[in-house]
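The numbering of the sequence shown is UniProt numbering, which starts it at 1 and goes up by one.
In what follows, a single structure is set out as structure tokens and then discussed.
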Amino acid sequence: MVRLSRAQQQERTRSAVLAAAREEFAEHTYAEAKVDRIAERAELTRGAVYSNFPSKRALYLAVLLDSIEQPAPTPATRNRIAAPAPSPIRPAPPVEPTSSLGPSPIGPTPDPVPSSGALGEALGAVARVWLERLPLVGDSPARGNLQLRSLTGVIDDGPGRAALAQVTRVEALLLGLALESCVARRMRPQRPRPQPARKVRLAAMVLTLLNGAGQLAESAPGVGDPFDVERTCEHLAGLDLADTWDRPLLAYVVPARPADEVWQPPTEAGDGFGLQGGDLADQLTGHDVDFDRDGVIVVLGTGRLGAAEEAIRAVRGTSPRGLSGGAVEPADDQVIVAVVTSDPAELGRLVRLRIGDLTGCLRQVFGPDAWPGIRIVLDDHAAIASAIGVEATDATEAAVRIQGGKIIARAEGRGAAHAAATAVQNHKTAVQDQKSAAQDRKTAAQGQQSVHE
């Protein structure tokens, strides 16, 4: 018999606990499930269960995470919505304007901003994919809750509710950015492209409707028609929510501190609670993150995740090839949002679950390139936080500007993401001022020399 290493034995034990927990939560709701029964199912001691998962909540979240990472076909997903899975939304080919007088002497005219039809198509596809999770009428409450990824009775304390509120804002941001990208790609290529309106408020409305449908399916199975929900999401695209990015308080944020430090990219590590090491991949694309690329690295605790949009909007507005001047070309600079927490086993898993669940849906609709230049990393082991020299707490809000392999600016506290993102503009202004001052001194010296001659 081959002798297992310590790591292999730990992984086998963890897998056994996870499989037993999946059976327990499928037969009993979260409130009714017992850790003792899970240990008995896994033929382990209660202590062995807790050595891998520190709480029942952590174990339940791990089961839900495993379900979205390795989805299994179920009657609900096969039969709930008969329409085929949507293909990624692609830009429509441009159409050259024609008239009886021939081609326009000034060249092609730009297309107008797409109507609600393009957005409606995208939102309908998002709803169709999301609603596949709705359980069937005959499913047991426990099995239906797993299918829905229900958090009823699971997140009931202050830190958990605060983290859930913040990650919900991130969900709206991700869907909103994907919608904006969809609009931009359907416009006629031109330099610069017109800037599409912000779609985050629309995204929040759609997610509110979808989550409400999920809550109704949990409490009153069989009530409501998912096709009606899908069509409603399509019609929401026509709402004029007057959504703009306007945060007056950002004008009063303390500027980032100049720095001149060699940038050392983070290293990866593991832990003892079933959180895998080496996991600093981008949650949006699943690809490795290039930490050497110029841009902004924002470290946010689970209680400050809503600040992610500040960095994204600032970088796209100040990058030389970003959104300045009304363009929406992908900026050369990237934004890395690193999520940290003092409780990776529970709050970290909660954020990973919600972001992973939503992005899994959105990638099916928009493809993996709907968020150019944006990376979200779940820094469970504080590798990124340590690399930039900040603590990993649920209230952390810090950011650095990376340029040419160096940290050129640092910021901490409220508005740090915006301050660091706009530091490149301030840095260039300072350099220009220094050059102007040097030129003035040179001109003055030449003038004095001419007088003496």
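Idealized CB from N, CA, C, for every residue including glycine.
It should be emphasised that the depicted structure is a prediction, and the values quoted were computed from it without experimental measurement.
Discussion item. Suppose contacts are defined by Cβ-Cβ distances below 7 Å. Is ARG198 in contact with VAL296 by that definition?
Written reply: Going by beta carbons, ARG198 and VAL296 fall outside the 7 Å limit.
Practice prompt. Could you check the C-alpha separation between LEU250 and GLY317 for me, to the nearest Å?
Written response: A direct Cα-Cα distance of roughly 14 Å separates LEU250 from GLY317.
Item to complete: Just grab the DSSP bridge partners of LYS406 for me.
Response: As computed with DSSP, LYS406 is found in a beta bridge with VAL262 and GLN403.
Item to complete: Measure the C-alpha to C-alpha separation of ASP157 and PRO135 and round it to an integer number of angstroms.
Response: Spanning the alpha carbons of ASP157 and PRO135 requires a straight line of approximately 27 Å.
Worksheet item: When you compare each of LEU305, CYS361 and VAL183 to ALA338 by their alpha carbons, which one comes out closest?
Response: Measuring from the Cα of ALA338, the nearest candidate turns out to be LEU305.
Worksheet item: Are the region 168 to 177 and the region 348 to 365 touching by the rule of at least three beta carbon pairs closer than 8 Å?
Response: Taking one beta carbon from each stretch, the region 168 to 177 and the region 348 to 365 have 3 or more pairs nearer than 8 Å; the two touch.
Discussion item. Here's the rule: buried if 16 or more other CB atoms are within 10 angstroms of the residue's CB, otherwise exposed. What is ALA242?
Written reply: ALA242 should be labelled exposed.
Fill in: Cutoff 7 Å: ASP332 Cβ touching any chain B Cβ
Among the chains of the structure shown, chain B does not appear; only one protein chain is present.
Fill in: Neighbourhood of MET205 by C-beta, 8 Å cutoff - its chain only, sequence neighbours within 5 removed
Apart from sequence neighbours up to five positions away, the residues of its chain that approach MET205 with a beta-carbon distance below 8 Å are LEU236, LEU239 and LEU241, ordered along the chain.
Discussion item. Run through the DSSP bridge pairs and tell me what GLN334 is partnered with.
Written reply: Beta-bridge pairing links GLN334 to GLY295.
Fill in: Exposure of THR443, with buried meaning 16 or more beta-carbon neighbours within 10 Å
Exposed is the call here.
Discussion item. Mapping the DSSP letters down to three states, classify VAL253 as helix, strand or coil.
Written reply: Three-state result, VAL253: coil.
Worksheet item: Where does ARG46 land, buried or exposed, given buried means 16+ other C-beta within 10 angstroms?
Response: It counts as exposed.
Worksheet entry | Cut-off 6 Å between Cβ atoms - residues of its own chain near ALA31, not counting five sequence neighbours on either side | Within the same chain, ALA31 has close Cβ partners GLY153.
Practice prompt. Using the Cα positions of PHE273 and ARG186, report the straight-line distance between them to the nearest angstrom.
Written response: Note that PHE273 scores 39 on pLDDT, short of 50, meaning its location in the model is unreliable and no value can be drawn from it.
Discussion item. Tell me which residue opens and which closes the beta strand (DSSP E) that ILE355 is part of.
Written reply: Residue range 349 to 366 is occupied by the alpha helix (DSSP H) that includes ILE355, with no beta strand (DSSP E) assigned at that position.
Item to complete: Give the single residue among VAL17, VAL35, VAL298 and ASP228 whose Cα lies nearest to the Cα of ALA411.
Response: Taking ALA411 as reference, the option from VAL17, VAL35, VAL298 and ASP228 with the minimal CA-CA separation is VAL298.
Fill in: Expected contact under 8 Å - CB spacing of ALA311 and ALA417 to nearest Å
Right, the Cβ-Cβ distance comes to about 4 Å (below 8 Å), so this counts as a contact.
Worksheet entry | Through-space distance from LEU175 to PRO110, alpha-carbon basis | Reliability fails at PRO110, whose pLDDT of 35 lies under 50, so the model's placement of it is uncertain and no value is given.
Item to complete: Answer yes or no: do GLU309 and ILE407 have a C-beta to C-beta separation smaller than 7 Å?
Response: Taking 7 Å as the cut-off, the Cβ atoms of GLU309 and ILE407 do not count as close.
Worksheet item: Below 7 Å between beta carbons: does that hold for VAL49 and VAL63?
Response: A distance of 7 Å or more separates the beta carbons of VAL49 and VAL63.
Discussion item. Among the candidates LEU177, ILE155 and ALA42, whose CA atom is the shortest distance from the CA of TRP371?
Written reply: Closest option to TRP371, Cα to Cα, is LEU177.
Worksheet entry | Other residues of its chain near THR341: CB distance less than 8 Å, five sequence neighbours each side excluded | Taken in chain order, the residues that qualify are ALA163, GLY301, THR302, LEU347, GLY348, VAL351, ASP380, ALA392, THR393 and ASP394.
Practice prompt. Report buried or exposed for residue 454, applying the criterion of at least 16 other Cβ atoms within 10 angstroms of its Cβ.
Written response: Outside the modelled stretch of the chain, which goes from 1 to 453, sits residue 454, for which no answer is possible.
Practice prompt. Grab the span of the beta strand (DSSP E) containing LEU44 for me, first residue to last.
Written response: First-last for LEU44: undefined, no H or E at that position.
Worksheet item: DSSP state of PRO94, grouped into three classes?
Response: With a pLDDT of 40 at PRO94, under the threshold of 50, the modelled position of this residue cannot be trusted; read the value that follows with caution. Coil.
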